[in-house]
Each structure stands twice: as C-alpha cells, then as structure tokens.
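Residue numbers (the numbering used here), protein chains in the order written: chain A, 280 to 419; chain B, 280 to 419. Note that beta-carbon positions come from the ideal geometry of N, C-alpha and C, so glycine has one too. Treat the numbers as computed from the prediction; the structure is a model and nothing was measured. First up is the structure itself, then whatever we jot down about it.
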DNA sequence: TTGTTTTTGCAATTGAGTTGCAAAAAAGTC
DNA sequence: GACTTTTTTGCAACTCAATTGCAAAAACAA
C-alpha cells in the first residue's frame, strides 16, 4: 500500500493525467471492490463513454496499476493491485461464482507449480476455482 | 477407452441419433485432435450449419462426451474425453499458446489442490498456463 | 400412410470488445 | 494570453463469437 495520492500514482505509472482519467482511477481505487469488468465500471460511471473506459483500463493495465483476470466467464475482468505494481502480485488463485458471477481474489493463495513439458515458455498462469460462493450458497 | 461404436456411445449418453449428429461425432472423435473451438469444427465441416454444430456441442457436453475448456482466449473450447465419461477426467492442466492460439491438454498433469475459504462449493477448477509453445518458440 | 415431435438451417440478435474519426481538451510555443 | 500542435474523448460503427426464433426438413409413432 502506498501513501501517494491518486495523481502521483498515475504519473508514476507513466500515465498522463486528465480529468476523466483521474475520475476513473478514483472510482476504481476507492469504490470498486475486488474483481470487476468493463460493464461494472460502465454501470458505475454512466457519464463516461465505454470506449474511454476501455482505453483507460488498457492504459492502467499497461501501467501495471491493474491486472487483468481471465475468470473463464468469457468477459475480461480487472483487479486493483494491492501492491504499487501488478508485477509484484501476479499468480494468485481466483474464485468465480456461477450464481452471482462475482470473482474473488485469494490474494494470499499463490498458484502451486506443476511440471511442464520441455520447451514451453511460461508467461502467465491462471488458477480459477468455479462453483458457488458462500454468500450464494447460504441463500439457497 | 471404449470398444463401443459411435452409435452406442451417443445412445449411451442419452443422445438421440441423427445422421448429422453421427457425422459430427465421428468428425470430433476420429479427426479433430486435442482441444478445438466451434470455429475449428465449422471449418472442418462446412456443410453443417454453425447453429447445429453449436447445439450438438452443447448436447455432447451435457452428455459428458466432451468437456469444455476455458483457456482464457475468450472463445469456448471443447475437448474429447479419454475416458467414457468426462466426469472421470476433469481437472488437468492446459497450456495455451499466445502465438498459434492452440491449446494443449496435459492429460496426466492433475491440478494440485489449494486451501479454499470455508463455504465455497467447488464445482470445477481450471489451471491454464499461458505462454509460447515449443513449436512456436522454435520458429522464432 | 398420416400425424406428432424433434432437429436442422437460415436469418437475425445479443453482447463484449474494439476501432475510425471528428470534436474537445490538454500541452507546447510564441 | 493567443495560437498551434498533440492527445484524449465521445459517438457511431464494426467485428466476432455465441445464441435464439422460426419455418422447413427429418425422425419417430400410431
């Protein structure tokens, strides 16, 4: 966790500041919890155009302020990094709920390695547990 | 592996036989290797309509003759089961190549378990290693 | 056969992601 | 500050895979 303010964080990631970008970043950092999709963000910020949101998410990901999560739902998800830089926080397990379609980060559960065939160059590993989350299971 | 013929396999899975379904099943069983997408199947069988292929894939999956693979590419993949029933062969690791977009099944590499939070009901687990496959790495 | 149900092919729709382009905003220059 | 250049934004349009409604064709049943 950092004590930098939002402007500093963006600038530090090499992202030029604009009113819209700052607004989007603040929304993500302060209001969206856990893993979210472009649609979630769109819903939270109906005044900003989808393409702008999309481009900003891409920018934030490239700046390593967000990381992308493939939860197997077919739609790209994003996740705020708990470190200053996503490169320090990759490789943890995600839970994906079939009922509420929420995806949860198990930030502290790192992905156990497996033996891989010779010659395959690993870039990224996803470990997704699909099922029913505690909240939905409780409801019935 | 089974010594049943194709008709028997389908009937056994509770799928009614039609000429088209049999043709699709034979194509998958005898000609498509590894993990494939609807588009791959479409390409291999241009005379059959995409919606029919799609509905048949769904049917085969529901009958546990195929299993679905989320390789994070955004498009659904399918994989022929090496057992008679997909329920016996879930939970192995997949490799996904960023260059050729092929997905490989590591049939014998089971997914190592991780500790999960109380209350989450697991239904399925995906372990996907993304990167560059040996073939593409060799090319350059 | 004839009538009923299921399956298929076509066309259309959905939904997420993505792009081209002109207007608006920001940055740079005098 | 005024003017020019560059970047960003919003709109509309497009792509691509998945999915559905519906009428015709095929399979099944009596």
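In three-state terms, what does DSSP make of residue i?
i             : result
residue 297/A : coil
residue 337/B : helix
residue 387/B : strand
residue 412/A : coil
residue 375/B : strand
residue 397/B : coil
residue 331/A : helix
residue 280/A : Residue confidence for residue 280/A is low, a pLDDT of 48 falling below 50, so the modelled location carries little weight and cannot support an answer.
So which residues on chain B does residue i lean against when the C-beta distance must stay under 9 angstroms?
i             : result
residue 399/A : 374, 376, 383, 408, 410, 411, 412, 413, 416
Name the chain B residues whose beta carbon is nearer than 8 angstroms to that of residue i?
i             : result
residue 328/A : Residues of chain B passing the Cβ test: none, with the nearest at roughly 22 angstroms.
Which residues of chain B have a Cβ atom closer than 7 angstroms to the Cβ of residue i, listed in chain order?
i             : result
residue 349/A : 351
Using the beta-carbon of each residue, which ones in chain A are nearer than 9 angstroms to residue i?
i             : result
residue 393/B : 372, 385, 388, 389, 390, 391, 406, 408
residue 325/B : Per Cβ cutoff of 9 angstroms: no residues; residue 325/B is ~25 angstroms from chain A at best.
Would you check if the distance between the CB atom of residue i and the CB atom of residue j is smaller than 8 angstroms?
i             : j             : result
residue 396/B : residue 417/A : no
residue 348/B : residue 408/A : no
residue 355/A : residue 317/A : yes
residue 313/B : residue 353/A : no
residue 399/A : residue 374/B : yes
residue 298/B : residue 310/B : no
residue 342/B : residue 303/B : no
residue 358/A : residue 344/A : no
residue 300/B : residue 335/B : yes
residue 371/A : residue 388/A : yes
residue 286/A : residue 410/B : no
residue 415/B : residue 384/B : no
residue 393/A : residue 391/B : yes
Measuring from the CB of residue i, is there a heavy atom of the ligand ATP at a distance below 7 angstroms?
i             : result
residue 379/A : Summarising the ligand content, the structure contains no ligands, and the ligand ATP is consequently not present.
So which residues of chain A does residue i contact, with C-beta pairs closer than 8 angstroms?
i             : result
residue 402/B : 377, 409, 410, 411
How far does the alpha helix (DSSP H) with residue i in it reach, from first residue to last?
i             : result
residue 318/A : 317-323
residue 287/A : 285-291
Tell me the residue span of the beta strand (DSSP E) that contains residue i.
i             : result
residue 346/A : 345-348
residue 359/B : 356-359
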